[in-house]
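In terms of my numbering, the sequence shown opens at residue 119 and continues consecutively.
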Amino acid sequence: MDLYTTAKNLGIQTEFLDGQGHRHVTDAEALKIILDALPVRKPYRFLKQAVVIRSGRPARTELSHAATFPLRWKIVAGLKVIAVGETHDRVIGWPADLPVGSYRLHLTDASSFTEEAPLIVASPSAFDGDFDRCWLLAVQLYGVRSARNWGIGDFTDLAGLIELAGHLGADGVGLNPLHALFDDRPADCSPYSPNSRLFLNALYIDVEKLPEFQRGIFATSSKDIARLRASDTVDYIGVAELKWRALRLAFEAFKAGANNARRQDFEKFRAERAPLLSRFACFEVLRHKFNKPWWEWPEEWRKPDDVKFARLRAGTDAAEIEFVEFVQWTADRQLQSCRDLAARRGMKVRLYLDVAVGVQADGFDAWNEQVAISRHLAVGAPPDSLNTSGQNWGLAGFNAAGLEIKSFEPYRDMLRASMRYAGAIRLDHVLGLKRLYLVPHGFAADNGVYVQMPFEALLAATALESVAHRCVVIGEDLGTVPEGFREQIADWGIWSYQVMMFERDDQGKFRDIDHYAPNALVTFNTHDLSTYAGWRSFSDLALKRSLGIDPGESDDARWHALALLTDVLRHHGIDRHDLNAVVGFLARTRSRLLAISLEDLLGVIDQPNIPGTVNEHPNWRQRLPLAIDEIASAIDVPALKTATAERTRAAT
Numbered sequence: 119m120d121l122y123t124t125a126k127n128l129g130i131q132t133e134f135l136d137g138q139g140h141r142h143v144t145d146a147e148a149l150k151i152i153l154d155a156l157p158v159r160k161p162y163r164f165l166k167q168a169v170v171i172r173s174g175r176p177a178r179t180e181l182s183h184a185a186t187f188p189l190r191w192k193i194v195a196g197l198k199v200i201a202v203g204e205t206h207d208r209v210i211g212w213p214a215d216l217p218v219g220s221y222r223l224h225l226t227d228a229s230s231f232t233e234e235a236p237l238i239v240a241s242p243s244a245f246d247g248d249f250d251r252c253w254l255l256a257v258q259l260y261g262v263r264s265a266r267n268w269g270i271g272d273f274t275d276l277a278g279l280i281e282l283a284g285h286l287g288a289d290g291v292g293l294n295p296l297h298a299l300f301d302d303r304p305a306d307c308s309p310y311s312p313n314s315r316l317f318l319n320a321l322y323i324d325v326e327k328l329p330e331f332q333r334g335i336f337a338t339s340s341k342d343i344a345r346l347r348a349s350d351t352v353d354y355i356g357v358a359e360l361k362w363r364a365l366r367l368a369f370e371a372f373k374a375g376a377n378n379a380r381r382q383d384f385e386k387f388r389a390e391r392a393p394l395l396s397r398f399a400c401f402e403v404l405r406h407k408f409n410k411p412w413w414e415w416p417e418e419w420r421k422p423d424d425v426k427f428a429r430l431r432a433g434t435d436a437a438e439i440e441f442v443e444f445v446q447w448t449a450d451r452q453l454q455s456c457r458d459l460a461a462r463r464g465m466k467v468r469l470y471l472d473v474a475v476g477v478q479a480d481g482f483d484a485w486n487e488q489v490a491i492s493r494h495l496a497v498g499a500p501p502d503s504l505n506t507s508g509q510n511w512g513l514a515g516f517n518a519a520g521l522e523i524k525s526f527e528p529y530r531d532m533l534r535a536s537m538r539y540a541g542a543i544r545l546d547h548v549l550g551l552k553r554l555y556l557v558p559h560g561f562a563a564d565n566g567v568y569v570q571m572p573f574e575a576l577l578a579a580t581a582l583e584s585v586a587h588r589c590v591v592i593g594e595d596l597g598t599v600p601e602g603f604r605e606q607i608a609d610w611g612i613w614s615y616q617v618m619m620f621e622r623d624d625q626g627k628f629r630d631i632d633h634y635a636p637n638a639l640v641t642f643n644t645h646d647l648s649t650y651a652g653w654r655s656f657s658d659l660a661l662k663r664s665l666g667i668d669p670g671e672s673d674d675a676r677w678h679a680l681a682l683l684t685d686v687l688r689h690h691g692i693d694r695h696d697l698n699a700v701v702g703f704l705a706r707t708r709s710r711l712l713a714i715s716l717e718d719l720l721g722v723i724d725q726p727n728i729p730g731t732v733n734e735h736p737n738w739r740q741r742l743p744l745a746i747d748e749i750a751s752a753i754d755v756p757a758l759k760t761a762t763a764e765r766t767r768a769a770t
């Protein structure tokens, strides 16, 4: 069997039309690397795919012609049998009273051949939210200034943002991903390129809030802290050096004299997050010890092993392992405190958190889930009108076979971590639930393949966790979207993500208010696009040209776009074209969530991130022009409340 036939049998699409209508066929050498990188899963003999049952609905599964009868089945959760049955034809009618959950299905036919498959019983839909139309304040947390932080926004600043959002009439704060990055690679600061999506970025900890913070010791660092605080960009190296030193000293004090209540809460957290927390802590210790990618470590540590970790914890590395856990406990409890504050303020959404599409290949998640995550392959996108060469995001993503082998637990673990303190999450590149565009390392972005994912099972797993955590799920469904995709995710209760900049017809006209879906988050732009002030001033076009990047738009086209924006605003009786005019337009849409970026409210010109750049632009480093306690007075709050009148909550 040749490579292309093998790929087709595995649901790999090696030939496709890109966003510009050009035909692509994956190179054979690239395809071989892709096939070698994916785990081997035996094709199902009786089934077509993992079984999904939507609770409360009649459910039947058709069997293949390979089965001989009678065929017995049982549904198992660990060692417990949930249900058993037998069929004499090619259809299994599932019991109507199966409890919601994730299981293993065992099928045995008359020839005594047995196969296993995942079976998910999910709620009919994801959590729909218990709120009407409201709006959120969207913030890049790292960029927040305050008189007390150490040069990077932190969780105490987040509490301040919650108070600010309440004052403005918002029902929550939306944040860039809070995922754990690499503590020894502070310059590698993109929140969308995490070490792990299961744990938190320690640099967001307010170290001075720890009871064990050694204030006297850090008095000598006051000049360094003042310099970091005054900088217009985040100095991640300087911040990390001071914060990690402070955390280590706090941990030593905690070990020496922790009060009983704090020790009990620490142990409670360790139990809550076991066994993943212990593995993460061991991974971090090993990563620092060997100082190289995990696939180059000594053989005994290249795969997680809880028995070996127990020995590691009993040895000389015990304190270092506990330190990593202490740091995550501190971050978790500070974030929890922010969530609780938003709840006390009566906010309907509270925290809206972003979830990255993948992880760094040498990070914890890729090491911990070597079956479900392929380190040799990067997630990306084929060429389109905005990125004519295609995109390689340099991130390892889940693979279909591995997820099925692991009963989708790695994906559910990621959701649980993200939903832990969120009222809503956004799944970056939600199209990856249906198919992922994968590029082998060393090849150009236009030499990848589309790999089909177990779409319905992933939707069911999403609904399962969404309902359990009462967390709305928003799918970032931008780009080239397969026909029927949006309808399918909407049927499962996953909301759409509608960006006004992109919501234009073939003539470039902005879509009218009625175009926007009720179950959607609507916004003018994203962190990868120009701010409103930058867009109106053409600054984004000028900057990209100065960097040698094709902005994909001429000045004449921008003038035309501005005129078309004025047209759609005037059509609704809005005679201005400032930010509040656009906010007023979006606030009238049926969409139940509206996000307004703090950069736009402050008239910031430069966008947080310019895709396609690394060091040419201070991506993920720019700080806001004002400190958090100066922001309210810099915003025309009455005008903002007038613009958001249909959505604005009473000020707290």
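Each residue gets a CB set at the ideal place from its N, CA and C atoms; glycine is no exception.
Nearest neighbour of G104, chosen from R190, S229, P669, S220 [CA to CA]: Here the chain covers residues 119 to 770 and nothing more, so residue 104 does not appear.
Contact under 8 Å by Cβ, V257 with L286: no
Could you give the distance in angstroms between the alpha-carbon of L577 and the alpha-carbon of I130? 20 Å
If the criterion is Cβ atoms closer than 8 Å, does the pair H224 and K192 meet it? In terms of Cβ geometry, H224 and K192 form a close pair [threshold 8 Å].
Which residues mark the beginning and the end of the beta strand (DSSP E) in which Y470 is found? 468-473
Limits of the unbroken alpha helix (DSSP H) element including V262: Looking at the DSSP string, V262 is not in any alpha helix (DSSP H), and its letter there is neither H nor E.
Considering only their Cβ atoms, is the gap separating L665 from E734 smaller than 8 Å? yes
So, under 8 Å CB-CB, L108 and Y615 are touching, yes? Tell me the CB distance rounded to an integer number of Å. Nothing about residue 108 can be reported from this structure: the residues present for the chain run from 119 to 770 only.
So Y555 is in the beta strand (DSSP E); what residue range does that whole segment cover? 553-558
V325 and A379 - do their beta-carbons sit closer together than 8 Å? no
Just to check my reading of the structure: D472 and N294 have Cβ atoms closer than 8 Å, yes? What is that Cβ distance to the nearest angstrom? 6 Å
According to DSSP, L189 sits in a beta bridge with which residue or residues? T205
Reduced DSSP secondary structure (H/G/I, E/B, other) of E717: helix
Report back the beta-carbon spacing between L533 and T598 to the nearest angstrom; my notes put them in contact at under 8 Å. Beta-carbon to beta-carbon, L533 and T598 are separated by about 25 Å, too far to satisfy the 8 Å threshold.
Skipping 5 residues on each side, what residues in its chain have a beta carbon closer than 6 Å to that of D289? C252, M465, K466, V467, R767
Would you kindly report the start and end of the unbroken beta strand (DSSP E) that includes Y221? 219-226
Roughly how many whole angstroms lie between the Cα atoms of L332 and N698? The question names Leu, yet the displayed sequence has Gln at residue 332. Cα to Cα, the separation comes out at about 45 Å.
Starting from P236, trace the beta strand (DSSP E) both ways and give me its first and last residue. Segment 232-240, the beta strand (DSSP E) holding P236.
Please report how far the alpha carbon of G174 lies from the alpha carbon of G520, in whole angstroms. 29 Å
Sequence-distant residues of its chain with Cβ nearer than 8 Å to W610 (five each side left out): S243, A244, L577, A578, T580, A581
Within 8 Å, do at least three Cβ pairs link the stretch 157-164 to the stretch 498-509? no
Please classify Q740 as buried or exposed, where buried requires at least 16 neighbouring CB atoms within 10 angstroms. Classified as buried, Q740 has 16 or more neighbouring CB atoms from the shown chains inside 10 Å of its CB.
With a 10 Å radius around its C-beta and 16 neighbouring C-beta atoms as the bar for buried, classify D227 as buried or exposed. buried
So what does DSSP say about G593, is it helix, strand or coil? strand
Can R347 and G269 be called in contact, C-beta distance under 8 Å? Taking 8 Å as the Cβ cut-off, R347 and G269 qualify as a contacting pair.
Specify, as a first and last residue, the run of the alpha helix (DSSP H) that H547 falls within. Counting along the chain, H547 falls outside any alpha helix (DSSP H), and DSSP gives it neither H nor E.
Residue from L153, S314, G139, Q138 whose Cα sits closest to the Cα of Y122: L153
Where V755 sits in the DSSP three-state scheme: helix
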